[in-house]
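Report on the following structure.
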Amino acid sequence: MKILKSTDEQETYIEDRLEAYNEKRHPLTQERPAVVFSYTALEGQDVIGGIIGYASLYKIGYIDTLWVNEKYRHKSIGTQLLKKVEEDLRTFGCEIVHLETFDFQGPEFYKANHYTEFGRLEYPTAQVTEMFLKKDLRITE
């Protein structure tokens, strides 16, 4: 046996095999492994913010990316984007949504939007902390 760097095709094969194993052991509760929910905030033709979220595998909600141009922060744009995806996830059947953020990015923003921390990883060399947060979508605000 030898271990080599994977090719793109091998990566796809490995991922497909894991998906097949998962499906056999615990069938998906949604039609596709990942359903994307995304929104863009525009000022005229300029993109000033956006969000990308997913419902994955078993209707597990996940916020992958949320960005607002620094010039437009503290104007509720991030909150509006977050609420749009949360509502889509809730309608899709997700009960919980989770995300990760770094300590310098915006954990207080998420906490203000009713997310609670459930874990963290410290990276001493990089001097950053990765924080994991979740929100119960069954609870309405």
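Residue 1064 in our numbering is what sits at position 122 of the sequence shown, and the numbering runs on without skipping anything.
All C-beta atoms, glycine included, are put in the ideal place defined by N, C-alpha and C.
Nearest to Asn-1011 (by Cα), restricted to the options Gly-1020, Tyr-1004, Ile-1005 and Ser-980:
Position 69 of the sequence shown, counted from the start, is the residue given in the question as residue 1011. Nearest of Gly-1020, Tyr-1004, Ile-1005 and Ser-980 to Asn-1011, Cα basis: Gly-1020.
Can you look up Glu-985 in the DSSP assignment and give me helix, strand or coil?
Position 43 of the sequence shown, counted from the start, is the residue given in the question as residue 985. The answer is strand: DSSP assigns Glu-985 an E or B state.
Between Thr-971, Trp-1009 and Gly-1003, which has its C-alpha nearest Thr-982's C-alpha?
By 1-based counting over the sequence shown, the position of residue 982 is 40. Residue Trp-1009 is the option with its Cα nearest to Thr-982.
Take every Cβ of the region 1019-1033, pair it with every Cβ of the region 963-975, and state whether three or more of those distances are shorter than 8 Å.
no
Looking at the secondary structure, which residues open and close the beta strand (DSSP E) in which Lys-1076 lies?
Indexing the sequence shown from 1 puts residue 1076 at position 134. Start and end: 1070-1078.
By how many angstroms is the C-alpha of Phe-1060 removed from the C-alpha of Glu-886?
Nothing about residue 886 can be read from this structure; the chain reaches only from 943 to 1083.
Are Phe-1051 and Thr-1071 touching if we call contact CB-CB under 8 Å?
Indexing the sequence shown from 1 puts residue 1051 at position 109. Indexing the sequence shown from 1 puts residue 1071 at position 129. In this structure, Thr-1071 does not lie closer than 8 Å to Phe-1051 by Cβ.
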